[in-house]
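Number of protein chains: 2
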Amino acid sequence: MSKSITIKDVADRAGVAASTASDALNGKSHVTEETRLKVVRAAEELDYKPHPGAKHLSSGVAQQIGLFIPASRKHVFSSTGFFNKLIQGIHEAVDGTDYSLSLRMSESETDAEPKLRSVLDSRTLGGLIITHPTENSDLLDLLEGSDVPHIVLGRPKRRTLYVDNDNVEVGKLATEHLVNHGYKRVAFLSGPDRFTYATDRLKGYRSALEEKGLTYREDFVWNSELVESAAYDVVYKKAQENQIDGLFVAGDVQAVGAIHALRDLGKNVPDDVALVSVVNSPLTEHFDPSITTVDLHEYWLGNWAADRLIQEIEGEGRDKPKVVIPGDLIVRRSCGCNPKDKANSKRSS
Amino acid sequence: MSKSITIKDVADRAGVAASTASDALNGKSHVTEETRLKVVRAAEELDYKPHPGAKHLSSGVAQQIGLFIPASRKHVFSSTGFFNKLIQGIHEAVDGTDYSLSLRMSESETDAEPKLRSVLDSRTLGGLIITHPTENSDLLDLLEGSDVPHIVLGRPKRRTLYVDNDNVEVGKLATEHLVNHGYKRVAFLSGPDRFTYATDRLKGYRSALEEKGLTYREDFVWNSELVESAAYDVVYKKAQENQIDGLFVAGDVQAVGAIHALRDLGKNVPDDVALVSVVNSPLTEHFDPSITTVDLHEYWLGNWAADRLIQEIEGEGRDKPKVVIPGDLIVRRSCGCNPKDKANSKRSS
DNA sequence: CTGAAAGCGCTAACAA
DNA sequence: TTGTTAGCGCTTTCAG
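Protein chains in written order, with my numbering: chain A, 1 to 349; chain B, 1 to 349.
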């Protein structure tokens, strides 16, 4: 462990006291521009890097941003690329700052609460980003009760900081695309109601239909858990009971199940049923037929969340309590409006 | 920031001095079993959690395990699930210890060296896991020159700690599977030679052929970069020049390109060409046809690497300088030996 | 084997 | 506006 330069060294070189150097480096407003410059220059010349442990100890804030995903590790890293892009965005936001990204997942969904509790009082985190797709939960209570700055990815029913997609718009976008291409019997395969994005996309689906003069029918709204097999079962059953020519699916994994079910019913996608899904994952890109989806820009969800969180930690809390990110339609083959193009999809960012 | 319990509190309750409490908790050999127990009990009763910053500052070791991936973020999180499972394994190994997992990627491949340099002397890491598929590089020099304990995922040509797959075996396994099913003209689509796993798999390919009495032919060994389009181009060209009935592909992304190329040449997989690939990713599972691959058990790569690294950090360095993990064949449809089964693949762990 | 004291590098409080 | 002085909570000498 070769002797590393401390703030004392910087102070000496700049001809000031250590505390002044500290203040200067931390942008405290009461230091003269002149001395600040001297200090900054000295720091650069010495290639000074503050000791993160010392900083943490004395200031009380850790230099890590946690990403807490209250779901089983397996689920987190299943086929959908959602979290990958999220992580990418956070990483990029954090990179270059004094913070680094620390991953915190739970063993299983039930494990989430004790895990979050321990994460929160481990004092290892300067701030926390949590994915949280429902309106309310004990997890949010925990978060509120803690003194760890945090931001929610989702749309919680609280006055906390959050970033989310505009899922009503997402639903509308997808449904409109189908309706605009002339499909009149468009069903919606949704996810569990507890997820705000599922109910929001339903709202969008409904309003798209109604704006186009189609009637919204409850028997065209189906539900399944977010796994392929569940989607398969539901669609296999419902698509026999109802004659449809279009299907909007709330997620990519469900879409795969849905297409398999339709296929097994002798219905071809897109020829017999046009399909649009959500989440622009590699899965949707490589699936045969490639799946038209709404890109949620997860990268930006993560990037903005991290940015905003860091502001919060540093006490620069702006007013905006929330950020809403729009989705973008990625047209591929499953929707039937682009049948020739095989690889025309915009590459994911 | 409610008053949190310090080691002093623990010491008081146990009726010893703070330093003794520290020693006891850290398993120093010179404390009586009796006092150690008193201290441990007191700590438990108080739910004592050492302040990570303080620990870091005084001991000099940070409580984070870094995962450094010297590749562009985009590439890291592309379709292949390799890194996902790796991360999962590391996370699980780290979870429950005093360490947490901190992600460090570089912007691009060229960015890797300066980035690693800065990561290494950021003093934020107690240890580092680095993915490193080549035998030698400046990155390894950097690592060796630093005082940060580290372990390499790959097979470096040095006396450093590492964990890797037995890629000769992997190549053998895949090739044998094809040969055993009667294919006699089996080619190998490899990756760039700089990657040890590519050349190792080639060795395995060759020895499998020769053990089965087939002659190894150089014109049956093809190379492409690890992207779909590159694989497509090579296979499109080579498969016209050479009549093959089997193809072993070094990676999942390349396999997708290869299948597309074969298809465009009017050759069906598996009917005209049987194919086996490596990396059991969601891509290979969902692709049509589903792709027979060798599972690399990335989870365990990560898990063992992290375990071993923590031992190293804590000075329990066992002797084993390396760990080698075998691969397992996952039979799906692309190899043609299981043509009926559509979804018989073992789910990825 | 245990305890007292010093110090890790930084920031926070207070004086100057 | 700056410098001095004290810790932050832990580990690490070094006496006892």
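Beta carbons: idealized from backbone N, C-alpha and C, even for Gly.
Distances from the alpha-carbon of residue 301 of chain B to those of B:14, B:59, B:67 and B:55 put B:67 closest. Distance between residue 164 of chain B and residue 155 of chain B, taken at the CA atoms: about 6 angstroms. When DSSP states are grouped into helix, strand and coil, residue 330 of chain A belongs to the strand group. Think of a sphere of 8 angstroms around the beta carbon of residue 64 of chain A: the chain B residues whose beta carbon falls inside it are 64, 100 and 102, in chain order. Between residue 201 of chain B and residue 246 of chain B a beta carbon distance of about 15 angstroms is seen, past the 8 angstroms cut, so the two are scored as non-contacting. With contacts defined by Cβ atoms closer than 7 angstroms, residue 149 of chain A and residue 313 of chain A form a contacting pair. Straight-line spacing of the CA atoms in residue 235 of chain B and residue 145 of chain B works out to 42 angstroms. Residue 125 of chain B has its alpha-carbon roughly 7 angstroms from the corresponding atom of residue 61 of chain B. Contact check for residue 174 of chain B against residue 276 of chain B passes: the beta carbons are separated by less than 7 angstroms.
A residue is called buried once 16 or more other Cβ atoms fall within 10 Å of its Cβ, and residue 96 of chain A, having fewer, is exposed. In this structure, DSSP gives residue 322 of chain B an extended state, which the three-state scheme calls strand. Counting only the Cα atoms, residue 89 of chain A lies some 22 angstroms from residue 134 of chain A. Look at residue 64 of chain A here: in three-state DSSP terms it is strand. Out of B:253, B:51 and B:327, the CA that lies nearest to the CA of residue 5 of chain B is found in B:51.
Going by beta carbons, residue 70 of chain A and residue 139 of chain A fall inside the 7 angstroms limit.
Using beta-carbon distances, residue 139 of chain B does not count as an interface residue toward chain A, since no partner is under 7 angstroms. Annotated as distal: residue 142 of chain A and residue 298 of chain A, with beta-carbon spacing of 7 angstroms or more. By the criterion of a C-beta distance shorter than 6 angstroms, residue 181 of chain A is surrounded in its chain by 337, once the five residues flanking it on both sides are discounted. Put simply, of B:328, B:303 and B:108 the residue whose alpha carbon is nearest the alpha carbon of residue 65 of chain B is B:303. Per DSSP, residue 150 of chain A is one residue of the beta strand (DSSP E) stretching across 150–153. Neighbours of residue 199 of chain A in chain B, taken as residues whose beta carbon is under 9 angstroms from its own, are absent, since the nearest beta carbon is some 28 angstroms off. Beta bridge pairing from DSSP links residue 223 of chain A with A:190. Its chain contains 7 as the residues whose beta carbon lies nearer than 7 angstroms to that of residue 22 of chain B, once the 5 sequence neighbours on both sides are disregarded; these appear in chain order. Counting only runs that start and end inside the stretch 86–124 of chain B, the alpha helix (DSSP H) elements of at least 4 residues fall at 112–120.
When rounded, the separation of the alpha-carbon atoms in residue 263 of chain A and residue 115 of chain A is 42 angstroms.
Residue 271 of chain A sits exposed, since fewer than 16 C-beta atoms from the chains shown fall within 10 Å of its C-beta. The DSSP-derived three-state label of residue 234 of chain A is helix. A Cβ-Cβ separation of about 12 angstroms leaves residue 334 of chain A out of contact with residue 294 of chain A under the 8 angstroms criterion.
According to the DSSP secondary-structure assignment, residue 130 of chain A is paired through a beta bridge with A:68 and A:152.
Straight through space, the alpha carbons of residue 212 of chain A and residue 168 of chain A are spaced by roughly 16 angstroms. Around the beta carbon of residue 101 of chain A, 16 or more other beta carbons sit within 10 angstroms, so the residue counts as buried. Using a Cβ-Cβ cut-off of 7 angstroms, residue 54 of chain B is close to 57 of chain A, given in chain order. For residue 51 of chain B, the chain A residues whose C-beta falls within less than 9 angstroms of its own C-beta are 56, 57 and 123, listed in chain order. Residues of the same chain with their beta carbon placed closer than 6 angstroms to that of residue 20 of chain B are lacking, with the five preceding and five following residues left out of the count. For residue 164 of chain A, the three-state secondary structure derived from DSSP is strand. For residue 283 of chain B, a Cβ of chain A is located within less than 7 angstroms of the residue's own Cβ.
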